[in-house]
Amino acid sequence: MNPTNQLTDYDLPTLHSLLEDWGEPPYRARQLWQWLYIHLADDFDQMTNLPRPLRERLAAETIVGVPEVIATQVSSDGQTRKDLLRLADGETIEAVLMRYERRYTACISVQVGCPIGCVFCATGQAGFRRNLSAGEIVAQALHFARILRVEGKRLTNVVLMGMGEPLLNYDSSLVAVRRLADPAGFSLGQRHITLSTVGIVPGIDRLAEEGLQITLAISLHAATDDLRERLVPVNRHYPLDELFAACHRYSARNTRRISFEWALIAGVNDTHRQAEALVARLAGLQTHVNLIPLNPTPAYEGRPSSYEAIAAFAAVLERHRIPYTVRLRRGSDIQAGCGQLRHRARAGIRAGTEARPNGGRS
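Just so we're aligned, residue 58 is where the sequence shown starts under my numbering, counting upward by one.
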């Protein structure tokens, strides 16, 4: 039988049922779960406390779900690695590992492509193909966790901020969040997981009811409807008044502050007017603003804001005592903005800085 079932798509009760149907004792499911999420096994032969006949049957009828690395780019400073991953059906996605002084963050995808169509985003420019399963989302984090384990390090943070809109793939995204946070498995604290959305209002309201301790990040990029509709077309469906009303409802049910993402585009959204409009929008919310100089893409003519413009924008936030961070453009020399490596590969352009860290595996 050809392998068809990806084990990272199974929850523990489903594994119990599967192995029970195969005549295995109940504890086998827990052993398999631990191999997948604690020991980070990527091959059934590594699961040495499972009987060989069981390992052979698992290999014949299921797959671990390790994505194939078909291209890798590493930034010149060695701190950012982007992988183009091929899924079981041949579709490709991107995932990025970012190394900081005290943390290691995986930026993972939730869809193949994206239906939102933000004008400055390479993923949206390439269109939408399909949603990822929960297992395909989780597998990206496990992939980078294996790389870090070889180096004696541990993945500390996961951001659902790669390709796709998590709240348009709600069920799979939430299953993935809970799977990564499962204390009996991968055991990543919920406070170390961020879910980023362009502002799908029904999804934000639904998320508010989940009782999670993750960070909600809103990809905002403009504080007036006229500009945001140009940059983020979904604003026509969920204009800013509706979006911020949802943010207030979310905050009323959650103690975690909301993060607002702002890609700074020279002469477009880095103006004093936009900064003051942002301040007005944030009134009454517990927030943090991430200012990120734009990652340029071939299909969008916008350029990153100058240092002076960034400083002036940040000064407005500081004057109003709004917490903010000017984020580094990690991996700009390898086009680490989401969708860019996939765009190059789909266009038949060979990635120019292919490399793998010492001890890394694919």
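Here a beta-carbon is modelled for each residue, glycine too, at the ideal position from N, C-alpha and C.
Only a predicted model underlies this, so the values are computations on that prediction, with no experimental measurement involved.
*Could you give the residue range of the beta strand (DSSP E) that holds glycine 170?*
By 1-based counting over the sequence shown, the position of residue 170 is 113. Secondary structure note for glycine 170: its beta strand (DSSP E) is the uninterrupted segment 168 to 170.
*Touching or not, the stretch 282 to 300 and the stretch 265 to 274, by the rule of three or more beta carbon pairs under 8 Å?*
Contact fails: fewer than three Cβ-Cβ distances are below 8 Å.
*Contact the stretch 335 to 346 vs the stretch 306 to 314: 3+ CB pairs below 8 Å*: Contact between the stretch 335 to 346 and the stretch 306 to 314 is present, because at least three Cβ pairs lie under 8 Å.
*Cα separation between proline 355 and alanine 323?*
Position 298 of the sequence shown, counted from the first residue, corresponds to residue 355. Position 266 of the sequence shown, counted from the first residue, corresponds to residue 323. Taking the CA atoms as reference points, proline 355 sits about 16 Å from alanine 323.
_Under DSSP, the alpha helix (DSSP H) around leucine 339 begins and ends at which residues?_
Within the sequence shown, the letter at position 282 stands for residue 339. Run containing leucine 339: 329 to 339, per the alpha helix (DSSP H) assignment.
*Roughly how many angstroms lie between the CA atoms of isoleucine 120 and phenylalanine 101, to the nearest whole one?*
By 1-based counting over the sequence shown, the position of residue 120 is 63. By 1-based counting over the sequence shown, the position of residue 101 is 44. Here the alpha carbon of isoleucine 120 sits roughly 9 Å from the alpha carbon of phenylalanine 101.
*Which partner residues of lysine 210 appear in the DSSP bridge assignment?*
Locating residue 210 in the sequence shown gives position 153, where the first residue counts as 1. Lysine 210 is not bridged to any residue.
_Mapping the DSSP letters down to three states, classify glutamine 136 as helix, strand or coil._
As a first step, residue 136 is located in the sequence shown; it is residue number 79 there, counting from the start. Correct three-state label for glutamine 136: coil.
*Three-way DSSP call (helix, strand, coil) for isoleucine 257 in this model*: For this step, residue 257 is matched to residue 200 along the sequence shown. In the structure shown, isoleucine 257 sits in coil (DSSP, three-state: anything other than H, G, I, E or B).
*Return the CA-CA distance between serine 190 and alanine 145, expressed in angstroms with no decimal places.*
Locating residue 190 in the sequence shown gives position 133, counting from the first residue. Locating residue 145 in the sequence shown gives position 88, counting from the first residue. In this model, serine 190 and alanine 145 are separated by some 11 Å (Cα to Cα).
*For threonine 410, which of helix, strand or coil comes out of DSSP?*
Position 353 of the sequence shown, counted from the first residue, corresponds to residue 410. With a pLDDT of only 37 at threonine 410, under 50, the local geometry of the prediction cannot be trusted, and no value is derived from it.
*Starting from the C-beta of isoleucine 349, find all residues in its chain whose C-beta is less than 6 Å away, skip the five residues before and the five after it, and write them out in chain order.*
Taking the sequence shown and counting its residues from 1, one reaches residue 349 at position 292. Apart from the 5 residues on each side of it in sequence, isoleucine 349 sits with its Cβ closer than 6 Å to the Cβ of Ala320 and Arg384 in its chain, given in chain order.
*One or two residues paired with cysteine 164 in a DSSP bridge*: Here residue 164 refers to the residue found at position 107 when the sequence shown is read from its first residue. DSSP output for cysteine 164 lists Val153 and Val216 as bridge partner(s).
_aspartate 282 versus Thr272, Phe301 and Phe185, residue with shortest Cα-Cα distance_ = As a first step, residue 282 must be located in the sequence shown, where it is residue number 225. Of the listed residues, the one whose Cα sits closest to aspartate 282 is Phe301.
*Compare the Cα-Cα distances from valine 346 to each of Ala98, Val291, Ile275 and Ala179 and report the closest residue.*
The residue given as residue 346 occupies position 289 in the sequence shown. Minimum Cα distance to valine 346 is reached at Ile275.
*Since I believe serine 166 is in contact with glycine 80 (beta carbons under 8 Å), could you give me their beta-carbon distance rounded to a whole number of angstroms?*
Working through the sequence shown from its first residue, we reach residue 80 at position 23. Working through the sequence shown from its first residue, we reach residue 166 at position 109. No, glycine 80 and serine 166 are not in contact; Cβ-Cβ is about 38 Å, not under 8 Å.
*Flag this pair as touching only if the stretch 228 to 243 and the stretch 129 to 142 have three or more C-beta atom pairs under 8 Å; answer yes or no.*
Using a Cβ-Cβ distance cut-off of 8 Å, the stretch 228 to 243 and the stretch 129 to 142 are not in contact, since fewer than three pairs of beta carbons, one from each stretch, lie closer than that value.
_Rounded to whole angstroms, what is the Cα-Cα separation between asparagine 352 and isoleucine 379?_
On the sequence shown, position 295 is the one that residue 352 refers to. On the sequence shown, position 322 is the one that residue 379 refers to. Approximately 24 Å between the Cα atoms of the pair.
*Do aspartate 327 and alanine 280 have their C-beta atoms within less than 8 Å of each other?*
What you label residue 327 is simply residue 270 of the sequence shown in a count that begins at 1. What you label residue 280 is simply residue 223 of the sequence shown in a count that begins at 1. Contact flag unset, no.
_Top-ranked residue by Cα proximity to isoleucine 127, from Ala152, Val176, Asn214 and Leu231_ = As a first step, residue 127 must be located in the sequence shown, where it is residue number 70. Checked all of Ala152, Val176, Asn214 and Leu231; the closest Cα to isoleucine 127 is Ala152.
*Between the beta-carbon of leucine 225 and the beta-carbon of isoleucine 257, is there less than 8 Å?*
Indexing the sequence shown from 1 puts residue 225 at position 168. Indexing the sequence shown from 1 puts residue 257 at position 200. The beta carbons of leucine 225 and isoleucine 257 sit closer together than 8 Å.
*From glutamate 91 to leucine 72, what distance separates their C-alpha atoms?*
By 1-based counting over the sequence shown, the position of residue 91 is 34. By 1-based counting over the sequence shown, the position of residue 72 is 15. A small fix is needed here, since residue 91 is glutamine in this sequence, not glutamate. Each residue's CA atom was taken as its position, placing glutamine 91 and leucine 72 some 12 Å apart.
*When we look at the beta-carbon of glutamate 358 and count the other beta-carbons within 10 Å, is it buried (16 or more) or exposed?*
On the sequence shown, residue 358 is found 301 positions in, with the first residue counted as 1. Exposed is the call here.
*Can you name, in chain order, every residue of its own chain whose Cβ lies under 6 Å from the Cβ of alanine 412, other than the five neighbours on each side?*
To locate residue 412, count along the sequence shown from 1; it is residue 355. Confidence at alanine 412 is low in this model, with a pLDDT of 32, below 50, so its placement is unreliable and the value that follows should be read with caution. The residues are Val131.
*Do leucine 217 and threonine 180 come within 8 Å of each other at the CB atom, strictly closer than that value?*
Residue mapping note: residue 180 aligns to position 123 of the sequence shown, counting from 1. Residue mapping note: residue 217 aligns to position 160 of the sequence shown, counting from 1. For the 8 Å CB-CB criterion, threonine 180 and leucine 217 do not form a contact.
*Beta-bridge pairing of tryptophan 319 - partner residues as DSSP gives them*: Your numbering for residue 319 matches position 262 in the sequence shown. In the DSSP output, where bridge partners are listed per residue, tryptophan 319 has Leu348.
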